[in-house]
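Input: a single structure, listed below in structure tokens.
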Amino acid sequence: LEAMGAEAFPVAISDVIASHLLNESDTTPTKRSAAMNELLVMIMEIGLSCSRVSPNERMDMKEVVVGLRRIR
Numbered sequence: 001l002e003a004m005g006a007e008a009f010p011v012a013i014s015d016v017i018a019s020h021l022l023n024e025s026d027t028t029p030t031k032r033s034a035a036m037n038e039l040l041v042m043i044m045e046i047g048l049s050c051s052r053v054s055p056n057e058r059m060d061m062k063e064v065v066v067g068l069r070r071i072r
């Protein structure tokens with residue numbers, strides 16, 4: 001999972017995200033594309049950090065919460 005996400009990050013991020021999640025927005029495709037891509041990159045950064053093989057390399061859960069709240 002980590003390798004697949006890291007390989008697609010950030011250029012092909014939409015290739016690893018479920019397509020129905022990308023189509024739920026009611027904004028125009030151009031606005032949705034830019035805004036959604038920015039949010040997905042931030043979320044994937046957190047997800048990739050949490051999925052590191054070594055626990056010492058993983059993001060602390062307090063940092064995860066702070067990061068996700070910033071995205072919200």
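If you read the sequence shown in the UniProt record's numbering, its first letter stands for residue 1, the second for the next number, and so on. We put the beta carbon where it would ideally sit given N, CA and C, even for glycine.
Identify which residue in M44, V53, S51 and P55 has its Cα closest to the Cα of G67.
Looking at the Cα atoms, M44 is the closest of the given residues.
- Query: Measuring CB to CB, does I71 end up less than 9 Å from M36?
  - Reply: no
Original post:
Residue range of the alpha helix (DSSP H) that M61 falls in?
Top reply: M61 to I71
Quiz item: Would you call the CB atoms of S49 and V64 closer than 9 Å?
Solution: yes
- Task: Give the secondary structure of V53 by DSSP, where H, G and I count as helix, E and B as strand, and everything else as coil.
- Result: Coil at V53, not helix or strand.
Contacts around R58, its chain only, beta-carbon distance under 8 Å, and the 5 residues preceding and following it disregarded: S49, C50, S51 and R52
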